[in-house]
Amino acid sequence: MASHQTGERPGAGEPVRSPPSGSAVLEVKNLSKTYARNQVHALDRINLTIRDGQFASIIGPSGCGKSTLLKIMAGLFPPSAGQVLLTGTPVQGPRPDIGMMFQQATLLPWRTSLDNVLLPIEIRHGSRAAQSRRGLAGELLSLVGLSGFEKAYPGELSGGMAQRVAICRMLVTEPSVLLLDEPFGALDELTRERMNEELQRICTERSATAFMVTHSIAEAVFLADVLFVMSSRPGRISEVIEIDLPRPRDFSVTTEPDFGKIVHHVRQQLDLGAQL
Amino acid sequence: MTTQVTTDDAADAPVVYEETESLLDRVPRAVSITVLGLLGLGIWQAAVSLELISRILLPGPAETFGEIVESAAGIVARDHVFDALWITTQEVILGFIAAAALGFGLGVVVGETKFGQRAVMPYLVGFNALPKVAFAPVFVAWLGFGINSKIMMALFIAFFPVIVDTAAGLASADRDTVMLFRAMGASRWQTLRKLKLPAALPFIFAGLKTAAVFSVVGAVVGEYLGGGKGLGELVRLSAQQLRIDRVFALIFYLSLLGLALFAVIGWIERKIVFWHRADPTDVASA
């Protein structure tokens with residue numbers, strides 16, 4: 532574990548850099564978001580870099596603005612200041628090279644699993660293009676263990692299965708970065724652990740670059756190569772933690788002392804933030 | 060820490076829980092419906108037999124049933140009741156289709172555009188507060204005594220619920236899913252067609268069912284106040300002749316007309332909106 536305290540004026544100085552393990556895919560530079568005539572600083576001078584193939588988690592108290600940050604990174608809202616760079620070009624609106632996933636599976640109940648997976652292609656390139664990718668969508672479904680469920684409707688799937696379909700829908704456009712907004716927050720604990728292992732496997736196999744917002748310290752530490760800890764009001768990154776636990780990790784890692792140390796450290800940081 | 064396992068016979072005895080559902084709720088549905096219906100008929104018959112109300116003003120169930128059968132024979136033989144039923148049916152169906160089209164169109168404008176929500180909706184709400192029946196003579200003046208003035212009345216009474224339900228349905232689309240569509244770069248038209256309209260369908264069908272019932276009301280009121288040759292006019296004439304048994308029989312056929320339209324819409328809804336859970340007010344599927 533390597534930890535960088537970001538000093539007395541977090542984010543104000545040089546961007547905090549992770550060790551160079553690949554080229555930067557996603558860069559957030561001096562990003563701020565203010566609401567209601569500059570009275571509320573939701574996000575204050577956020578700087579972060581995610582490198583190719585890195586899995587980044589961000590954790591913080593509720594209301595610290597981490598979901599807002601993710602939505603700005605997805606191009607859904609404009610920032611008040613600063614910018615987001617994805618593979619070198621600024622994000623100024625929704626982009627096809629971004630894949631997103633929410634707490635709810637947000638599947639369309641009138642479409643089969645396969646047609647839900649193909650939705651992003653249909654939106655961007657039309658029905659014909661979507662039809663020609665049915666094979667790819669089917670492969671993705673079997674990758675997450677859902678072969679045989681191509682023709683099932685969301686109403687016939689469990690919560691975990693629905694989120695697996697949502698994963699496939701996110702992957703079908705082969706985005707360069709995955710933005711995950713508490714993707715398994717609505718699932719029960721056991722399903723959640725299995726989904727985390729699954730997500731790790733998929734991200735490792737595809738060397739995906741991902742950024743995940745979560746409330747769960749264990750989940751954040753389990754999945755991440757780099758963990759950003761946020762404090763609230765104003766939302767700032769208070770610490771960046773490199774997590775070098777060996778991969779692939781399975782959930783037995785959560786009982787190991789190294790894992791416990793990191794979780795303990797993160798909890799202390801969050802408590803510290805809460806006292807401010 | 061030790062855990063003590065009791066091997067008492069008393070503890071091993073199975074615990075039997077009492078049935079908590081009340082006796083009334085355990086009666087089979089068919090039985091309760093039949094009994095309730097017979098009870099109503101019994102009270103009706105008693106009121107007539109005891110002459111609580113004059114037989115001229117309130118015919119008994121048997122006489123009414125006889126009149127229903129007689130009318131049915133007439134309808135099958137295509138007599139004047141058949142002609143009247145056919146005219147009213149056309150008024151109701153055409154009025155309903157017009158109300159559905161206008162209501163849906165305005166509902167999309169109100170539900171999908173800020174302009175519609177801010178500028179159009181206040182006028183529609185004010186419009187809905189008008190005593191619509193009072194416009195019947197105006198429609199007769201404009202469109203004559205034929206079926207057009209009745210179609211207009213049916214449309215006029217039935218279209219508003221379709222607007223409100225369509226607009227509410229469009230707004231009911233899940234917020235995260237709307238966000239996902241934006242993130243996928245969907246155009247407004249794509250979001251409307253692939254997300255908001257399908258999500259609105261259960262609401263739209265609820266509005267159409269209300270409109271089906273209202274368009275029967277509109278057509279009959281139009282006939283009461285504007286003449287014509289439909290069932291409403293026959294009801295009015297029969298009542299003037301104090302043939303209350305006929306009035307009841309004709310009203311029975313009018314309600315069959317409304318029920319039939321309602322049932323057709325419900326059937327189409329179940330075919331199209333297959334993913335939506337059953338509506339608790341849907342009697343047919345209960």
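Sequences listed follow chains W and B, in order.
Start counting the first sequence at 532; every next residue gets the next number (the working numbering).
Start counting the second sequence at 60; every next residue gets the next number (the working numbering).
Even for Gly, the Cβ is constructed at its ideal location relative to N, Cα and C.
Classify Arg177 (chain B) as buried or exposed, calling it buried when 16 or more other Cβ atoms lie within 10 Å of its own Cβ. As a first step, residue 177 (chain B) is located in the second sequence; it is residue number 118 there, counting from the start. Exposed, by the Cβ-count rule.
Measuring straight from C-alpha to C-alpha, what distance separates His796 (chain W) and Ala717 (chain W)? Numbered from 1 along the first sequence, position 265 holds the residue referred to as residue 796 (chain W). Numbered from 1 along the first sequence, position 186 holds the residue referred to as residue 717 (chain W). In a straight line, the C-alpha of His796 (chain W) is about 26 Å away from that of Ala717 (chain W).
Status (buried if at least 16 other CB within 10 Å, exposed otherwise) for Arg540 (chain W): On the first sequence, residue 540 (chain W) is found 9 positions in, with the first residue counted as 1. Low confidence applies to Arg540 (chain W): its pLDDT is 41, below 50, so where it sits in the model is not reliable, and the reading given next is rough at best. Burial state of Arg540 (chain W) is exposed, judged by a 10 Å Cβ sphere holding fewer than 16 other Cβ atoms.
Since Asp224 (chain B) is in the beta strand (DSSP E), which residue starts that stretch and which ends it? As a first step, residue 224 (chain B) must be located in the second sequence, where it is residue number 165. Boundaries for Asp224 (chain B): no beta strand (DSSP E) harbours it, while the alpha helix (DSSP H) harbouring it runs 206-230, taken from the DSSP string.
Members of the stretch 230-244 of chain B near chain W, C-beta cut-off 8 Å: Taken in chain order, the members of the stretch 230-244 of chain B whose beta-carbon sits within less than 8 Å of a beta-carbon on chain W are Asp233, Asp235, Thr236, Met238, Leu239, Phe240, Arg241, Ala242, Met243, Gly244.
Since Phe262 (chain B) contacts Ala308 (chain B) with CB under 8 Å, what's their CB separation in whole angstroms? For this step, residue 262 (chain B) is matched to residue 203 along the second sequence. For this step, residue 308 (chain B) is matched to residue 249 along the second sequence. Actually they are not in contact, since the Cβ atoms of Phe262 (chain B) and Ala308 (chain B) sit about 36 Å apart, beyond 8 Å.
Pick out the complete alpha helix (DSSP H) segments inside the stretch 154-205 of chain B, 4 residues or longer, and give them in chain order. If we require 4 residues or more, the alpha helix (DSSP H) runs fully inside the stretch 154-205 of chain B come out as 180-187, 195-202.
Cβ distance (whole Å) where Ser762 (chain W) is taken to contact Cys595 (chain W) below 8 Å: Taking the first residue of the first sequence as 1, we reach residue 762 (chain W) at position 231. Taking the first residue of the first sequence as 1, we reach residue 595 (chain W) at position 64. Contact holds; Cβ gap of about 7 Å.
Beta-carbon proximity check, Leu284 (chain B) vs Ile324 (chain B), cutoff 8 Å: To locate residue 284 (chain B), count along the second sequence from 1; it is residue 225. To locate residue 324 (chain B), count along the second sequence from 1; it is residue 265. It is not a contact, given that the beta carbons lie outside the stated cut-off.
Are Gly287 (chain B) and Ile222 (chain B) close, meaning C-beta to C-beta below 8 Å? Translated into positions along the second sequence, residue 287 (chain B) becomes position 228. Translated into positions along the second sequence, residue 222 (chain B) becomes position 163. Not a contact, by the Cβ cut-off of 8 Å.
Where the beta strand (DSSP E) through Phe333 (chain B) begins and ends: Locating residue 333 (chain B) in the second sequence gives position 274, where the first residue counts as 1. It is not in any beta strand (DSSP E) - Phe333 (chain B) carries neither H nor E in the DSSP assignment.
Out of W:Tyr566, W:Thr565, W:Ser588, W:Thr618, which has the shortest C-alpha to C-alpha gap to Leu557 (chain W)? In the first sequence, residue 557 (chain W) corresponds to position 26, counting from 1. Residue W:Thr618 is the option with its Cα nearest to Leu557 (chain W).
Three-state secondary structure (DSSP) at Ile577 (chain W)? As a first step, residue 577 (chain W) must be located in the first sequence, where it is residue number 46. In the three-state DSSP reduction, Ile577 (chain W) falls in the strand class (E or B).
Environment of Ala209 (chain B) [buried if 16+ CB atoms lie within 10 Å]: Working through the second sequence from its first residue, we reach residue 209 (chain B) at position 150. First, the amino acid is wrong: residue 209 (chain B) is Lys here, not Ala. The residue in question, Lys209 (chain B), is buried, as its Cβ has 16 or more Cβ neighbours within 10 Å.
What are the residues of the stretch 687-721 of chain W that lie near chain B, defined by any Cβ-Cβ distance shorter than 7 Å? If the cut-off is 7 Å between Cβ atoms, the stretch 687-721 of chain W has nothing near chain B.
Residues that Gln249 (chain B) contacts on chain W, provided the C-beta gap is smaller than 8 Å: Mapped onto the second sequence, residue 249 (chain B) falls at position 190. Result: Ile654.
Hey, could you find the ends of the alpha helix (DSSP H) Glu773 (chain W) is sitting in? Residue mapping note: residue 773 (chain W) aligns to position 242 of the first sequence, counting from 1. In the DSSP assignment, Glu773 (chain W) falls outside any alpha helix (DSSP H) and lies within the beta strand (DSSP E) extending over 767-773.
Sheet register partners of Leu557 (chain W) (DSSP bridge): Taking the first residue of the first sequence as 1, we reach residue 557 (chain W) at position 26. DSSP output for Leu557 (chain W) lists W:Ile581, W:Leu617 as bridge partner(s).
Over the uninterrupted alpha helix (DSSP H) stretch that includes Phe262 (chain B), give me the two end residues. Translated into the one-based positions of the second sequence, residue 262 (chain B) becomes position 203. Segment 256-285, the alpha helix (DSSP H) holding Phe262 (chain B).
Given that a residue counts as buried once 16 or more other Cβ atoms are within 10 Å of its Cβ, and exposed if not, what is Phe782 (chain W)? As a first step, residue 782 (chain W) must be located in the first sequence, where it is residue number 251. It is exposed - the Cβ of Phe782 (chain W) has fewer than 16 other Cβ atoms within 10 Å.
If we call anything under 8 Å between Cβ atoms a contact, is Lys597 (chain W) one with Ile589 (chain W)? In the first sequence, counting from the first residue as 1, residue 597 (chain W) sits at position 66. In the first sequence, counting from the first residue as 1, residue 589 (chain W) sits at position 58. Ile589 (chain W) sits close to Lys597 (chain W), with the two beta carbons spaced by under 8 Å.
contact_flag[the stretch 232-250 of chain B, the stretch 289-299 of chain B] where n(CB pairs < 8 Å) is 3 or more: Verdict: no, contact absent.
Thinking C-alpha only, which one of W:Ala661, W:Phe742, W:Ile629 is nearest Leu579 (chain W)? Locating residue 579 (chain W) in the first sequence gives position 48, counting from the first residue. Residue W:Phe742 is the option with its Cα nearest to Leu579 (chain W).
At 8 Å on the CB atoms, spell out the chain W contacts of Leu254 (chain B), in chain order. As a first step, residue 254 (chain B) must be located in the second sequence, where it is residue number 195. Chain W residues near Leu254 (chain B): Leu639.
Are the beta-carbon atoms of Glu150 (chain B) and Ile216 (chain B) separated by less than 8 Å? Within the second sequence, numbered from 1, the residue matching residue 150 (chain B) stands at position 91. Within the second sequence, numbered from 1, the residue matching residue 216 (chain B) stands at position 157. Contact annotation: Glu150 (chain B) and Ile216 (chain B) have beta-carbon atoms that are not nearer than 8 Å.
Beta-carbon proximity check, Ala755 (chain W) vs Val794 (chain W), cutoff 8 Å: Along the first sequence, read from residue 1 onward, the residue named residue 755 (chain W) stands at position 224. Along the first sequence, read from residue 1 onward, the residue named residue 794 (chain W) stands at position 263. Between Ala755 (chain W) and Val794 (chain W), the CB-CB gap reaches or exceeds 8 Å.
Whole-number beta carbon distance between Gly691 (chain W) and Thr722 (chain W), since they are thought to touch under 8 Å: For the purposes of this step, residue 722 (chain W) is taken as residue 191 along the first sequence, with counting starting at 1. For the purposes of this step, residue 691 (chain W) is taken as residue 160 along the first sequence, with counting starting at 1. 4 Å between Cβ atoms; contact.
Once DSSP output is grouped into helix, strand and coil, what is the label at His572 (chain W)? Sequence index remark: in the first sequence, residue 572 (chain W) carries index 41 (1-based). If DSSP states are grouped into helix, strand and coil, His572 (chain W) belongs with the strands.
Close-in-space but distant-in-sequence residues of the same chain around Gly686 (chain W) (CB under 7 Å, 5 per side omitted): Along the first sequence, read from residue 1 onward, the residue named residue 686 (chain W) stands at position 155. Closer than 7 Å at the Cβ level, and outside the excluded window around Gly686 (chain W), lie Pro640.
Do Cys699 (chain W) and Ala739 (chain W) have their CB atoms nearer than 8 Å? Walking along the first sequence from the start, residue 699 (chain W) turns up at place 168. Walking along the first sequence from the start, residue 739 (chain W) turns up at place 208. Inclusion of Cys699 (chain W) and Ala739 (chain W) in the CB contact set at 8 Å is not warranted, their separation being larger than that value.
What does DSSP give as the partner residues of Ala741 (chain W) in its beta bridges? For the purposes of this step, residue 741 (chain W) is identified with residue 210 of the first sequence, where counting begins at 1. Bridge partners of Ala741 (chain W): W:Phe586, W:Leu709.
Tyr312 (chain B): which of B:Ala270, B:Glu129, B:Phe218, B:Glu77 sits nearest, CA to CA? As a working note, residue 312 (chain B) is residue 253 in the second sequence. Of the listed residues, the one whose Cα sits closest to Tyr312 (chain B) is B:Glu129.
With distance defined between alpha-carbon atoms, name the residue in W:Phe586, W:Ser658, W:Thr599, W:Pro627 nearest to Pro765 (chain W). Here residue 765 (chain W) corresponds to residue number 234 of the first sequence, with the count starting at 1. Closest option to Pro765 (chain W), Cα to Cα, is W:Thr599.
Can you pull the DSSP bridge partners for Lys564 (chain W)? On the first sequence, position 33 is the one that residue 564 (chain W) refers to. According to DSSP, which records beta bridges pairwise, Lys564 (chain W) is partnered with W:Leu574.
So if I threshold CB-CB distances at 9 Å, which residues from the stretch 666-689 of chain W count as touching chain B? The residues in question are Tyr684, Pro685, Gly686.
If the criterion is Cβ atoms closer than 8 Å, does the pair Ala555 (chain W) and Ala636 (chain W) meet it? What you label residue 555 (chain W) is simply residue 24 of the first sequence in a count that begins at 1. What you label residue 636 (chain W) is simply residue 105 of the first sequence in a count that begins at 1. Their beta carbons are not under 8 Å apart, which means Ala555 (chain W) does not touch Ala636 (chain W) by this criterion.
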